[in-house]
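One structure is given here, and the rest of the page talks about it.
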Amino acid sequence: MRSLRVRIVCLAIILLCMPKMFPAAANAKAAPEYLLDANKPVNGQVTLTLSGKSLANLYGYEASFSFEPDKLELVEAKSNLEGFSITPIIKNNEIIIAHTKIGNVPGENGDLVINTLKFKLKKHGDAMVKWETMKTVTDQLKSTTTAVGQSVTVSKTFIDLTGHWAQADIEWLAARGIIEGVDDNHFKPNDKVTRAQFAAMIARALNLKETAARSPFTDVPSDSWYADVVSSIYAAKIIKGKKDGTFAPQQKISREEMTVMLVRAGRFLAEDAFKETDSAGGVSFADVNDISKWAIKDVELALHSGLIYGTTKATFAAKSQSTRAEAAVVIKRLLTKINGE
């Protein structure tokens, strides 16, 4: 029993304390090959599989990885070999895992799955995990370290956007923190957008800072989640509110209201954007008379600039309520036009 403990301690010392890198022999026969694969994300988590080919007498190992800790969180590391694993060591953007067999047993040979890593996807967009090195130990305690260099890119996406016409723009905005889902996995693209929600999208797109001055609207409580958002976009002259002094934050936003806020946001980003001289000479939709007088000029500018289109070739549907997908797409178009993103 004592010799077994000594063996484990010695192996742990070798795995964790030996120099980090030995170049692999250039002409070694049947040199081991290491592979890193990722499965399709499930419930906001993704599993990476570490496998090896042409392995020879694998008794223990230490593997190091680099990753993006702001986007990924390691929730489980599980060896496919019998024996003892240390708790993963995570420091900054590095992960180290180690495992050893126990007792007088032979090492593994051939092709096999070595380990799996399960990550929680914390943010939308792409995130990379790279298998940097693999240190192996034989049952004779001979150690070899190989530079692996295998990497995979994993992505957090909304599960209800597959095949949706606005998927690319929504995922692009979500990856930059400009829009959010209704929960971690769902966006609900066809839900309607409130005026407060669209204001929040605009504020994040423009990276507006909080302002000490409060908005004058009587229906925006100071303790509401949207109070700071409304104050910041009011200070930026993107909203003016209703005639009765209210903002109507919970009211679903209409297409003409969304368009006007969008054009004003463009002017905030670039002073020379959306000048009235850029007008295309009128709106040709059959329902042009449904567009409010206070909105007609900005609607015309937005149409001419390609920020928004009609619901059909003949109609603009000014009073129709905008969906979350439509709101996301027009914001992406605005950023592309102004910033070239």
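Going left to right, the sequence shown walks through residues 0 to 340 as numbering that gives the first Met the number 0 numbers them.
Note that CB positions come from ideal geometry on N, CA and C, so glycine has one too.
Item                                                                                                          : Value
Cα-Cα separation, Asn288 to Leu306                                                                            : 20 Å
Delimiting residues of the beta strand (DSSP E) encompassing Asp243                                           : Where Asp243 is concerned, there is no enclosing beta strand (DSSP E), given that its DSSP letter is neither H nor E.
Spatially closest choice to Arg323 from Ser304, Gln250, Ala204, Gln196, by CA coordinates                     : Gln196
The beta strand (DSSP E) enclosing Asn114, as first and last residue numbers                                  : 107-120
Neighbour-count burial assignment, Val192, 16 or more Cβ in a 10 Å radius                                     : buried
Neighbour-count burial assignment, Asp227, 16 or more Cβ in a 10 Å radius                                     : buried
Outcome for Trp293 when other beta-carbon atoms lying within 10 angstroms are tallied against a minimum of 16 : exposed
Straight-line gap, Phe157 to Glu72 (C-alpha atoms, nearest Å)                                                 : 18 Å
Cβ-Cβ separation, Leu172 to Thr115 (assumed contact under 8 Å), whole Å                                       : Going by Cβ atoms, the distance from Thr115 to Leu172 rounds to 32 Å, so no, they are not a contact pair.
Asp168 burial status per 10 Å Cβ neighbour count (16 or more: buried)                                         : buried
Three-state secondary structure (DSSP) of Trp164                                                              : coil
Backbone secondary structure at Leu3 - three-state DSSP                                                       : Note that Leu3 scores 41 on pLDDT, short of 50, meaning its location in the model is unreliable; the coordinates nonetheless yield the value given after this. In the structure shown, Leu3 sits in a helix (DSSP, three-state: H, G or I).
Cβ-Cβ distance between Ile342 and Asn79 below 7 Å                                                             : As shown, the chain starts at 0 and ends at 340. That puts residue 342 outside it, with no answer to give.
Sequence-distant residues of its chain with Cβ nearer than 6 Å to Val181 (five each side left out)            : Lys187
Phe315 versus Tyr33: straight-line alpha-carbon distance, rounded                                             : 57 Å
Residue(s) in a DSSP beta bridge with Ser50                                                                   : Leu34, Val112
Residues near Lys70 by beta carbon distance below 6 Å, same chain, minus five either side                     : Lys121, Lys122, Ala126
With 16 other Cβ atoms within 10 Å as the buried cut-off, status of Thr135                                    : buried
Contact under 7 Å by Cβ, Ala174 with Val328                                                                   : no
Test item: CB-CB of Gly240 and Thr217 under 7 Å                                                               : no
Alpha carbon of Ser150 to alpha carbon of Ala204, nearest angstrom                                            : 31 Å
Anticipated Cβ contact below 8 Å, Leu333 with Gly265, distance rounded                                        : 6 Å
Supposed close pair Ile237, Ile201 - CB separation, criterion 8 Å                                             : 6 Å
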